[in-house]
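Asks:
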Amino acid sequence: MKSSSQPIHIHIGLVGHIDHGKTELARALSEKVFTAGLDRHPQAQRRGITIDLGFTMFNLGKYIVTLVDAPGHADLIRSVVAGANIIDAAILVVAADEGPKIQTGEHIVILKSMGISNICIAITKCDLVNEEKQDHVESQMRKIFRSIGIKDISIVRLSAKTGTGIEKLRETLLKIIEPKLRLTEEPFSLPIDHAFSVRGHGTVATGTILSGSIEIGDSVELMPHGILTKVRTIQTFGVSRESAQAGDRVGINIPDIKSELVSRGDYLSWPGTMKKVNRVVVRIKRNELYRNKITRGMTIGATIGMPTITAKLIPFAIEGRKNLILAETTADTFDALLLLKQNITVQKRMNVLLLRTDLPPNSMRIIGSGEILSFDESMIFHRKRVRKGRISRIREEDVLVEGLASRKETAQKLNGYSVHTPTGVDGILKTSFGTRGVVSAVFDKEVHLDDEVILEQITEEDVTHE
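Using the numbering used here, the first residue of the sequence shown is number 188, and each one after it goes up by one.
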């Protein structure tokens with residue numbers, strides 16, 4: 188355990204629309220820049236936008252804050268989700284001269300979906316507009332947050348260019364920060380966001396430890412490659428250390444692995460604790476602002492840990508200990524099988540966020556969020572087929588039902604199947620009658636001519652990646 192005198196590592200996401208001043212704000216707040224901080228990507232320098240997750244840091248009271256500058260434009264929304272997976276709080280940046288955009292709402296929904304409720308709104312570029320315009324933007328933001336059930340939100344007006352409001356922002360962050368409970372007793376897990384080679388030392392992988400702890404000399408596994416190696420050194424923002432634990436941002440020296448083999452989204456973990464899979468079962472809470480249908484076989488983007496993978500979604504419900512595939516679900520919370528287009532490294536309880544990447548940026552694309560329940564490849568799924576007929580004749584010992592089959596051969600195969608009426612009267616199908624698919628049935632209570640008869644057949648379904 189850390190002593191009370193040691194600084195607490197906190198991760199704050201910096202999100203917002205393109206050109207609203209996130210990178211300038213990061214520069215005003217930060218004391219050190221590491222990894223991919225502050226728009227070092229060549230494409231970012233050309234376009235003046237943040238391309239990938241950059242990391243900068245600053246001290247704030249008893250905290251060491253890692254500031255995650257995530258992209259703000261809609262076509263890189265997946266990187267925002269990747270950032271949301273590792274942050275404790277967020278600064279939502281909105282420019283005073285432009286106000287909120289459609290992506291602003293999307294960012295708020297993502298943060299809420301990932302359980303990030305400690306949010307401070309930074310109204311930037313206040314040096315460019317008068318106070319009336321600033322009041323209007325603040326009113327707009329409060330209205331947006333109230334619409335998703337958040338009534339009390341911290342708002343700071345500032346200018347990164349002049350420095351006005353920066354100190355007030357730091358004070359506000361100190362008030363809203365509530366470090367998440369760290370999973371220090373769980374197996375070690377580190378999602379890698381960058382890897383590079385240092386002359387004389389070999390490969391260094393950087394990231395934030397999600398769970399467990401690590402010490403120099405420990406054996407770790409690079410997933411999904413399944414390569415075992417040992418930890419030579421550990422650093423946090425240039426400071427060497429003997430060990431690190433969940434919540435710490437670290438660079439880990441793994442000299443036996445070439446940096447070219449390591450990609451963002453890979454994991455370092457205790458050997459054997461993570462699994463490479465191409466299908467997972469998830470429980471999802473539907474985004475209340477998502478208005479489109481959720482249907483079997485729809486193609487989605489599934490952000491699981493760091494990567495976003497194209498997947499096929501198959502909703503299902505458990506009925507009589509069977510996993511019954513649904514054609515469509517309208518439930519607020521639902522289970523689904525995700526058939527992934529490529530293998531990823533997972534563990535149970537890992538966060539999941541589902542996106543409709545085929546929808547335009549000006550629509551709500553976030554389906555919902557949840558966690559992994561299972562990645563058991565032996566799970567069996569079933570399909571319920573429903574046929575409806577009607578009682579065409581009532582005889583002394585049985586009744587005749589038509590519409591459940593179209594010909595005699597099919598009707599003969601229905602012998603012994605259970606049926607019921609909409610009012611709950613149960614029956615058993617017996618023999619076929621005639622050549623047109625009519626079948627006789629016996630019911631446990633009185634039925635009437637033209638009553639509807641329902642036949643439900645549950646069969647095993649082959650679920651594939653086709």
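Each residue gets a CB set at the ideal place from its N, CA and C atoms; glycine is no exception. The structure presented is a predicted model; accordingly, all values stated were derived computationally and were not measured.
Only counting runs of 4 or more residues, tell me where the alpha helix (DSSP H) segments fall wholly within the stretch 592 to 617, in order along the chain.
Replies: If we require 4 residues or more, the alpha helix (DSSP H) runs fully inside the stretch 592 to 617 come out as 595 to 599.
Asks: Check whether the stretch 411 to 429 and the stretch 358 to 374 touch, using three or more Cβ-Cβ pairs below 8 Å as the test.
Replies: Put simply, the stretch 411 to 429 does not touch the stretch 358 to 374. Fewer than three CB pairs are less than 8 Å apart.
Asks: To the nearest angstrom, how far is it from the Cα of G279 to the Cα of V612?
Replies: In the sequence as presented, Gly is not what sits at residue 279; that position holds Leu. About 58 Å.
Asks: For the pair the stretch 446 to 460 and the stretch 398 to 410, tell me if three or more CB-CB distances fall below 8 Å.
Replies: The stretch 446 to 460 makes contact with the stretch 398 to 410: 3 or more CB pairs, one atom from each, lie closer than 8 Å.
Asks: DSSP three-state label for D649, please.
Replies: coil
Asks: Can you list, in chain order, the stretches of the beta strand (DSSP E) that have 3 or more residues and sit fully within the stretch 559 to 588?
Replies: 568 to 581
Asks: I308: which of S334, Q290, L345 sits nearest, CA to CA?
Replies: When only C-alpha atoms are compared, the closest one is L345.
Asks: Alpha carbon to alpha carbon, how far is R483 from L511?
Replies: 12 Å
Asks: Considering Cα atoms alone, identify which of P411, T520, K348 is closest to V469.
Replies: It is T520.
Asks: Which residue or residues does DSSP assign as beta-bridge partners of E643?
Replies: The partner list for E643 (beta bridge, DSSP) reads V573.
Asks: For a quick check, are the C-beta atoms of D545 and T490 less than 8 Å apart?
Replies: no
Asks: Would you identify the three-state DSSP class for Q529, choosing helix, strand or coil?
Replies: strand
Asks: Should A282 and L254 be called a contact, given that it needs their Cβ atoms to be closer than 8 Å?
Replies: no
Asks: Classify E285 as helix, strand or coil using the three-state DSSP reduction.
Replies: E285 sits in coil when the DSSP states are folded into three classes, being neither helix nor strand.
Asks: Please classify I581 as buried or exposed, where buried requires at least 16 neighbouring CB atoms within 10 angstroms.
Replies: exposed
Asks: Go ahead and pull the three-state DSSP assignment for E141.
Replies: Not covered by the structure: residue 141. The range shown for the chain is 188 to 653.
Asks: Could you check what DSSP says for G302 in three-state terms: helix, strand or coil?
Replies: coil
Asks: Could you name the residues of the same chain whose beta carbon sits closer than 7 Å to that of R329, not counting the 5 residues immediately before and after it, in chain order?
Replies: I340
Asks: Looking at the secondary structure, which residues open and close the alpha helix (DSSP H) in which M328 lies?
Replies: 318 to 334
Asks: To test your reading of the DSSP string, which unbroken beta strand (DSSP E) runs of 3 or more residues are found completely within the stretch 428 to 497?
Replies: 430 to 432, 436 to 440, 454 to 456, 462 to 473, 485 to 491
Asks: Following the continuous alpha helix (DSSP H) through R214, name the residue where it begins and the one where it ends.
Replies: 209 to 216
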